[in-house]
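What follows is a short report on a single structure.
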Amino acid sequence: MNETKKLHSMPSNIFFFIRLLFSVSPLLVIGEFIWGILLILPSRLVSVIGVKYIIDVVTEGERLERVFYAVGAIALVLVISKLFAWLFREFFWNVEREKVHYRLNKKLYDKARQLDLESYDNPDFYNNFILTIESSSDNIQNLLGLIRNYVGNIISLVTISSILLSIDPVCLLIILFFIGVFLPLSKKIGALQMGRRVDNTKFHRRSDYFQRIFYLQDYCKEVRMNSISPLLMERYNDAADDVIKNQKKYWSKISALYFIQESGIQVFGFMFVLPLYLGYCVMVKNSITPGDFVAAFNGAYSIAVSINFLTVWAVAVFSERGKMIEKYREFLSCDFKIRDGERIAPKDEPKEIRIENLSFTYPGNDEPTLSDINLTVKPYEKIALVGYNGAGKTTLTNLLLRLYDATEGSILIDGEDIRNNTLDSHRDRFAAVFQDFQLFACSVGENVALGKNADESKVLEALKHSGFSKKLSKGIDTELLREFDDDGVMLSGGESQKIAIARAFYKDCPYVILDEPSANLDPVAEYNLNRAMMDAAAHKTVIFISHRLSTTVNADRIYVMEKGRIIESGSHEELMRLGGTYAYMFNLQAEKYKDREENI
Numbered sequence: 071m072n073e074t075k076k077l078h079s080m081p082s083n084i085f086f087f088i089r090l091l092f093s094v095s096p097l098l099v100i101g102e103f104i105w106g107i108l109l110i111l112p113s114r115l116v117s118v119i120g121v122k123y124i125i126d127v128v129t130e131g132e133r134l135e136r137v138f139y140a141v142g143a144i145a146l147v148l149v150i151s152k153l154f155a156w157l158f159r160e161f162f163w164n165v166e167r168e169k170v171h172y173r174l175n176k177k178l179y180d181k182a183r184q185l186d187l188e189s190y191d192n193p194d195f196y197n198n199f200i201l202t203i204e205s206s207s208d209n210i211q212n213l214l215g216l217i218r219n220y221v222g223n224i225i226s227l228v229t230i231s232s233i234l235l236s237i238d239p240v241c242l243l244i245i246l247f248f249i250g251v252f253l254p255l256s257k258k259i260g261a262l263q264m265g266r267r268v269d270n271t272k273f274h275r276r277s278d279y280f281q282r283i284f285y286l287q288d289y290c291k292e293v294r295m296n297s298i299s300p301l302l303m304e305r306y307n308d309a310a311d312d313v314i315k316n317q318k319k320y321w322s323k324i325s326a327l328y329f330i331q332e333s334g335i336q337v338f339g340f341m342f343v344l345p346l347y348l349g350y351c352v353m354v355k356n357s358i359t360p361g362d363f364v365a366a367f368n369g370a371y372s373i374a375v376s377i378n379f380l381t382v383w384a385v386a387v388f389s390e391r392g393k394m395i396e397k398y399r400e401f402l403s404c405d406f407k408i409r410d411g412e413r414i415a416p417k418d419e420p421k422e423i424r425i426e427n428l429s430f431t432y433p434g435n436d437e438p439t440l441s442d443i444n445l446t447v448k449p450y451e452k453i454a455l456v457g458y459n460g461a462g463k464t465t466l467t468n469l470l471l472r473l474y475d476a477t478e479g480s481i482l483i484d485g486e487d488i489r490n491n492t493l494d495s496h497r498d499r500f501a502a503v504f505q506d507f508q509l510f511a512c513s514v515g516e517n518v519a520l521g522k523n524a525d526e527s528k529v530l531e532a533l534k535h536s537g538f539s540k541k542l543s544k545g546i547d548t549e550l551l552r553e554f555d556d557d558g559v560m561l562s563g564g565e566s567q568k569i570a571i572a573r574a575f576y577k578d579c580p581y582v583i584l585d586e587p588s589a590n591l592d593p594v595a596e597y598n599l600n601r602a603m604m605d606a607a608a609h610k611t612v613i614f615i616s617h618r619l620s621t622t623v624n625a626d627r628i629y630v631m632e633k634g635r636i637i638e639s640g641s642h643e644e645l646m647r648l649g650g651t652y653a654y655m656f657n658l659q660a661e662k663y664k665d666r667e668e669n670i
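Residues 71 to 670 (the numbering used here) make up the sequence shown, in order.
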């Protein structure tokens, strides 16, 4: 992702978002324009023209029934405008707004799906990512309201100004003067509001983390069985205090600026100077009639409200929204390092995988995680990666899947650099079971197939190979977890892992990557899994990571990694004869198993 980009102007960001809304729902945007006009203009015309007409009729001794006709006409106009607004809101706006919300969020989620894993390692980018996702609905809701009021106030300003200018243009000059004097404060207010929001997001992430710990099932046993609760509560309180302090810090400044604005414009300008001038026109100059007096005062106040909204309040809010849209816009247009190639990767029989001079350093790290890795995997081979924690095993498989791209070197499949293939076609030829696998609040079939329209026979066969034997009341349609279904099935750690492993058996692909496939399994289940894995994956190339070296015995080739390098390779028998790191690790584990059996 590019580190430096020229920021867009506030109007550019607002019009960008309007265009985006219009592309999703043009009728909603047009309806907002009409709604805004009908929401503001009729009542202000009534306060200027309507009241002036009634006062003129009364003071000139005209027939009083004309007053009743005028009042009836005014009431009719107001009722029609309110009726349209109500019909639009109740029968179109509420539904269409939800559609826009989901369609725009879909754009965000489609983009998020393409995020490099490296992006999650960048705290600043990740903060902006969270802020963009969380503020999407808020942006839509607020911008629709702002657009509605902005258009309504513009039309009202133009209309009422033309009326006021025909009565006394000095009123308009008084209003413009006071607005112009205090307008620069709006930009400062908008910057402070945006700063408050960005800081709040950072602090809320901390408090939200400690909140999750108390209700997520993953943490419930640790929290209940240990004395960590006071520490967590203290950290949560600290995070909550930071949020409150941040609010106080910004609120005092924002409130002070708002007070100065409102005092200068509303109190001094429109409640003191303007009434003095109008009084002078009536009582001294006799230049306006009673009807003109009321029309001029009401019109001046109406224009003041519109200009105040358009230039003071709206500028501050649009400035804040514009900066939020900047993040939204930046997120949608961000350029990631992992790019699509042009070639569609074949998904037929497994081919030779060759890793040449591969090195990788995580962003922000000084030391490489992998250094000068060279290895070759023949078609249909079963390859094991072993080594101590932090040796780089998982990183190597992540590079193979192009979840990261190598810093140096290359990975070739059938002689073709994997970076020449499209990401989707490359990843589609792999089935991967990660050490930190996740189950989804979907049916068993959907969890195994990782998609809709699961093939029942294939799902059951995959579950059989993984050793999953739990009775399912609704077969593969049984819901997992209880996020949305009170009857959802909760699984043990071993059962969950078997569901994840079944995914590798279900997917039609030439390559399988398994990261700690037997970590949560008992020795019997581990033995059965190894046998089933070798049988079911006989027509696939399998690369698996394991700390339990009993699973590596039948591997065609074992690569021992240490500190990001391959230090040994060979079959189980060859490495045992070598008497190096692998033999030491294997004998150490075998001795533990032997001691355990003797104690039993």
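Yeah, the Cβ is synthetic: ideal placement off N, Cα and C, and Gly gets one too.
Asked                                                                                                                        : Found
Counterpart residues of Gly640 in DSSP-defined beta bridges                                                                  : Ile628
Ile613 versus Ile453: straight-line alpha-carbon distance, rounded                                                           : 5 Å
CA-to-CA distance, Ala660 to Glu668, given in whole angstroms                                                                : Here Glu668 scores only 45 on pLDDT, less than 50, and its place in the model is too uncertain to base an answer on.
Beta-carbon contacts of Phe401 that lie in its chain and below 8 Å, excluding the five residues immediately before and after : Leu178, Lys181, Asn198, Phe199 and Thr202
Ranges of the alpha helix (DSSP H) found wholly within the segment 499-524, counting only runs of at least 4                 : 514-519
Residue span of the beta strand (DSSP E) that contains Asp585, given as start and end                                        : Tyr581 to Asp585
Per-residue burial, Thr129 [other beta carbons within 10 Å of its own, 16 or more giving buried]                             : exposed
Reduced DSSP category for Phe614 - H, G, I as helix; E, B as strand; rest coil                                               : strand
Buried versus exposed call for His609 [16 or more other C-beta atoms within 10 Å across all chains shown]                    : exposed
Close-in-space but distant-in-sequence residues of the same chain around Leu262 (CB under 6 Å, 5 per side omitted)           : Tyr320, Lys323 and Ile324
Contact set for Asn600: own chain, Cβ-Cβ below 6 Å, skip 5 residues either direction                                         : Thr621
From Met303, Gly339 and Asp547, residue whose alpha carbon lies closest to that of Gly250                                    : Gly339
Run of the alpha helix (DSSP H) containing Ala366, from where it starts to where it stops                                    : Pro360 to Ile377
Backbone CA spacing between Thr477 and Phe85 [nearest angstrom]                                                              : 40 Å
Residue burial classification, Leu530 (beta-carbon count within 10 angstroms, cutoff 16)                                     : buried
Cβ distance (whole Å) where Arg573 is taken to contact Asp442 below 8 Å                                                      : Going by Cβ atoms, the distance from Arg573 to Asp442 rounds to 33 Å, so no, they are not a contact pair.
Short Cβ contact (7 Å threshold) for Phe575 with His535                                                                      : yes
Residues near Tyr597 by beta carbon distance below 7 Å, same chain, minus five either side                                   : none
Beta-carbon proximity check, Leu255 vs Gln331, cutoff 7 Å                                                                    : yes
Cβ separation of Pro420 and Pro449, assumed to be a contact under 8 Å, to the nearest whole Å                                : 4 Å
Integer Cβ distance of Leu242 from Ser231, believed to fall under 8 Å                                                        : 6 Å
Pairwise C-alpha distance: Arg472 and Gln281                                                                                 : 34 Å
Inter-residue Cα distance where the pair is Tyr652 and Ala461                                                                : 13 Å
Val240 versus Phe162: straight-line alpha-carbon distance, rounded                                                           : 43 Å
Under the three-state DSSP convention, the category Phe430 falls into                                                        : strand
Distance, Ile259 Cα to Phe154 Cα                                                                                             : 35 Å
Residue range of the alpha helix (DSSP H) that includes Ala310                                                               : Ser299 to Glu332
C-alpha gap between Ser79 and Phe92, whole angstroms                                                                         : 20 Å
Three-state secondary structure (DSSP) of Leu645                                                                             : helix
Terminal residues of the alpha helix (DSSP H) in which Asp442 lies                                                           : Here Asp442 belongs to no alpha helix (DSSP H); instead the beta strand (DSSP E) covers Leu440 to Val447.
N- and C-terminal bounds of the alpha helix (DSSP H) containing Ser79                                                        : Careful: Ser79 lies outside any alpha helix (DSSP H) and carries neither H nor E.
Lys541: first and last residue of the uninterrupted alpha helix (DSSP H) it sits in                                          : Looking at the DSSP string, Lys541 is not in any alpha helix (DSSP H), and its letter there is neither H nor E.
Exposure label - Val221; buried when at least 16 CB within 10 Å                                                              : buried
Closest by C-alpha distance to Leu37, when choosing among Arg136, Val149, Tyr139 and Leu470                                  : No answer is possible for residue 37: the residues shown for the chain start at 71 and end at 670.
Alpha helix (DSSP H) runs wholly inside the segment 85-162, at least 4 long, in chain order                                  : 96-115, 121-129 and 135-158
Whole-angstrom C-beta distance between Ile217 and Glu102, which should lie under 8 Å                                         : 5 Å
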